[in-house]
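Positions 1 to 354 (UniProt numbering) are the ones given, in order, by the sequence shown. Written out below as structure tokens is the structure these notes cover.
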Amino acid sequence: MISTLVNSFRRIPVAPQKLLTAGALILLAGCSANPIYTTTGVVLSNYSEGEATPYVLQMSDPRMACALGEGIDPLLYSFSRVTDAPDSTGSLLMLLAGNCAEYKAWEAELAYLRADYQGNVEAAKDAREEAKRLNALTAKRRYASFQRAMAAYEFDPSAEPVECPFLFSEQDELTFLLGLLTGMQAIVNDANSGAMAGVPKNIAPQAERAATCLDNEKWGGMPNAIRALVWLLLPDTRPALSPDPWQVLEHSTELGVEKGMRVPHALQAVAAETFGRPDKLEEAIASFVEANATIDVWDEYRLVDEVAAGVIRFSSDKHWSANYGYRTPQTYFGKMSPERETENVETMSLDGLL
């Protein structure tokens, strides 16, 4: 039987033989390579979910974490071509990549404020345009992170009534919560870009409803802080008899300190800037800095508190750059001016020296 097949193959002209050989190799390569790719994708996805993600969430260097997001996301997500998309890990990676873009946008905005303070019109215009473009990039990445987080848990944020997703672990809860938060940030970034990214505004009320699926006490006031921010942006979404949004934000900051994640402080600062409340901005910055002396940061999620710290620092730097032409000096972090406080300062009596 085999000799017959061999003899038959030999009788085929040389050119067709080569074509048949090439075709056989391609088929064999396809059969052997695709399962390897699929297996590799599954292994990498499981490793990222079970090991890499917890490790990154414990990091205290947000800049290094964001670099990891930019570098790893294209590799990990490329396996969605051969296996299921790793949406939960992908959501966090794109969140980190969005942070990288935002850090650059921050630098551009601070450059704009310093140039404006110095009266350098051309430099101010250039920096302002750069900040807009970088905010647009940040918004696109954050909207993608929001979409991945919703897809990871098969959650339809537009469904009425809301059907809360099944969140198997604490890490799932945080991933879903950060997805909602990132969606809100995408709206703010898009507004700062002049709507260059085209992020749909309807994700704000969707995030507000979805936040009710999470335990507010457990997560340090983050769910209610998200809801309060939406109530300020869209007053019609605020339920009847609900507390004042600013009171909710203030209470959320207290819970954040208790739990060791001060994200509500960052949301309070963003809300204060957005709605022109310098008193609330000063309160958020001062409260955050004051908590440094007493807070016990939630170690498993240290990165979350560090990212919030970056937002507060940037809010302070914006105020100082706009009013004094330079970033916040470390000795004045938590204060809004370089003037020394004179209250409660002991003074020496000179009566006995006269």
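Note that CB positions come from ideal geometry on N, CA and C, so glycine has one too.
Could you tell me whether the region 138-149 touches the region 183-203, using the rule of 3 or more Cβ pairs below 8 Å? yes
Ignore the nearest five residues each way along the sequence and tell me which others in PRO338's own chain have a CB closer than 8 Å to its CB. By one-based count along the sequence shown, residue 338 stands at place 338. Around PRO338: TYR324, PRO329, TYR332.
Suppose contacts are defined by Cβ-Cβ distances below 8 Å. Is TYR143 in contact with VAL199 by that definition? To locate residue 143, count along the sequence shown from 1; it is residue 143. To locate residue 199, count along the sequence shown from 1; it is residue 199. Taking 8 Å as the Cβ cut-off, TYR143 and VAL199 qualify as a contacting pair.
List the endpoints of the continuous alpha helix (DSSP H) containing ARG327. Against the sequence shown, residue 327 aligns to sequence position 327. That residue, ARG327, is in no alpha helix (DSSP H); it is neither H nor E in DSSP.
Less than 7 Å between C-beta atoms, sequence neighbours within five positions excluded: which residues of the same chain meet that for GLY71? For the purposes of this step, residue 71 is taken as the residue at position 71 of the sequence shown. Within the same chain, GLY71 has no close Cβ partners at all.
Please classify ILE187 as buried or exposed, where buried requires at least 16 other C-beta atoms within 10 Å of its C-beta. Position 187 of the sequence shown, counted from the start, is the residue given in the question as residue 187. With 16 or more other Cβ atoms within 10 Å, it is buried.
Among GLY98, ALA124, VAL82, which one has its Cα closest to the Cα of ALA322? Translated into positions along the sequence shown, residue 322 becomes position 322. Out of GLY98, ALA124, VAL82, ALA124 has the C-alpha closest to the C-alpha of ALA322.
According to DSSP, is LYS335 part of a helix, a strand, or is it coil? In the sequence shown, counting from the first residue as 1, residue 335 sits at position 335. Strand, per DSSP.
Below 8 Å, how does it come out for the region 304-323 and the region 243-254: are there three or more Cβ pairs, yes or no? no
Same chain, Cβ closer than 8 Å to LYS132, neighbours up to 5 away in sequence not counted: Along the sequence shown, read from residue 1 onward, the residue named residue 132 stands at position 132. Hits under 8 Å: ASN192, SER193, GLY194, MET196.
Helix, strand or coil at GLY69 [DSSP, three-state]: For the purposes of this step, residue 69 is identified with residue 69 of the sequence shown, where counting begins at 1. The answer is helix: DSSP assigns GLY69 an H, G or I state.
What are the boundary residues of the alpha helix (DSSP H) that includes SER91? Translated into the one-based positions of the sequence shown, residue 91 becomes position 91. Counting along the chain, the alpha helix (DSSP H) containing SER91 begins and ends at 87-118.
Tell me which residue opens and which closes the alpha helix (DSSP H) that LYS280 is part of. In the sequence shown, the residue the question calls residue 280 occupies position 280. From DSSP, the alpha helix (DSSP H) with LYS280 extends over 278-291.
From this set, LEU303, VAL297, HIS265, GLY276, which residue's C-alpha is nearest GLY334's C-alpha? The count along the sequence shown starts at 1 and reaches residue 334 at position 334. Closest option to GLY334, Cα to Cα, is HIS265.
Please report the residue range of the alpha helix (DSSP H) in which PHE176 lies. Taking the sequence shown and counting its residues from 1, one reaches residue 176 at position 176. From DSSP, the alpha helix (DSSP H) with PHE176 extends over 170-192.
Nearest to residue 355 (by Cα), restricted to the options PRO86, ALA108, PRO35: For residue 355 there is no data in the structure shown, the boundaries of the chain being 1 and 354.
Mind checking PHE288: buried by the 16 CB within 10 Å criterion, or exposed? Along the sequence shown, read from residue 1 onward, the residue named residue 288 stands at position 288. Under this definition PHE288 is a buried residue.
If you drop the 5 nearest sequence neighbours on each side, which residues of the same chain put their C-beta closer than 7 Å to that of THR83? Within the sequence shown, the letter at position 83 stands for residue 83. Answer for THR83: THR38, GLY41, VAL42, listed in chain order.
8 Å Cβ cutoff met for MET59 and ASP73: The residue given as residue 59 occupies position 59 in the sequence shown. The residue given as residue 73 occupies position 73 in the sequence shown. Contact: no.
Are there three or more Cβ pairs, one per stretch, closer than 8 Å when the region 233-250 is compared with the region 203-213? yes
Under 8 Å by Cβ, that's how I've got TYR47 and LEU174 pegged, so tell me the actual separation to the nearest angstrom. The residue given as residue 47 occupies position 47 in the sequence shown. The residue given as residue 174 occupies position 174 in the sequence shown. Contact doesn't hold; Cβ gap of about 19 Å is too wide.
Could you check what DSSP says for TYR77 in three-state terms: helix, strand or coil? Within the sequence shown, the letter at position 77 stands for residue 77. TYR77 falls in the helix class under three-state DSSP.
I need the straight-line Cα distance from ASN216 to PHE168, nearest angstrom please. Mapped onto the sequence shown, residue 216 falls at position 216. Mapped onto the sequence shown, residue 168 falls at position 168. The alpha-carbon atoms of ASN216 and PHE168 are separated by roughly 17 Å.
Quick one: which unbroken alpha helix (DSSP H) runs of 4-plus residues sit fully inside the region 213-260? Chain order, please. 222-233, 245-259
Just the Cα atoms here: how many angstroms apart are ALA225 and LEU232? In the sequence shown, residue 225 corresponds to position 225, counting from 1. In the sequence shown, residue 232 corresponds to position 232, counting from 1. Whole-angstrom Cα-Cα distance: 11 Å.
With distances taken between CB atoms, is the gap from LEU249 to LEU267 smaller than 8 Å? For the purposes of this step, residue 249 is identified with residue 249 of the sequence shown, where counting begins at 1. For the purposes of this step, residue 267 is identified with residue 267 of the sequence shown, where counting begins at 1. Yes; because the gap between Cβ atoms is below 8 Å, this pair is in contact.
Span separating the alpha-carbon of ALA33 from that of ALA85: The residue given as residue 33 occupies position 33 in the sequence shown. The residue given as residue 85 occupies position 85 in the sequence shown. Note that ALA33 scores a pLDDT of 49, beneath 50, so its modelled location is shaky and nothing firm can be said.
Whole angstroms is fine: what's the gap from MET336's alpha carbon to PHE166's? As a first step, residue 336 is located in the sequence shown; it is residue number 336 there, counting from the start. As a first step, residue 166 is located in the sequence shown; it is residue number 166 there, counting from the start. Cα to Cα, the separation comes out at about 44 Å.
Measure how close the beta-carbons of ALA295 and GLY260 come, nearest whole angstrom, since I'm counting them as under 8 Å. Translated into positions along the sequence shown, residue 295 becomes position 295. Translated into positions along the sequence shown, residue 260 becomes position 260. Reading off the sequence shown, one finds Ile at residue 295, where the question assumed Ala. Between GLY260 and ILE295 the Cβ distance is about 6 Å, and since that is below 8 Å, they are a contact.
How is the alpha helix (DSSP H) around TYR143 delimited, first residue to last? Working through the sequence shown from its first residue, we reach residue 143 at position 143. Run containing TYR143: 121-152, per the alpha helix (DSSP H) assignment.
My output table needs one value for ALA204: the three-state DSSP class, helix, strand or coil. Within the sequence shown, numbered from 1, the residue matching residue 204 stands at position 204. In the structure shown, ALA204 sits in a helix (DSSP, three-state: H, G or I).
Helix, strand or coil, according to DSSP, for TRP320 in the structure here? Within the sequence shown, the letter at position 320 stands for residue 320. Of the three classes helix, strand and coil, the one that applies to TRP320 here is helix, per DSSP.
For ALA159, which of ARG128, PRO205, ARG114, LYS201 has the nearest alpha-carbon? In the sequence shown, the residue the question calls residue 159 occupies position 159. Minimum Cα distance to ALA159 is reached at PRO205.
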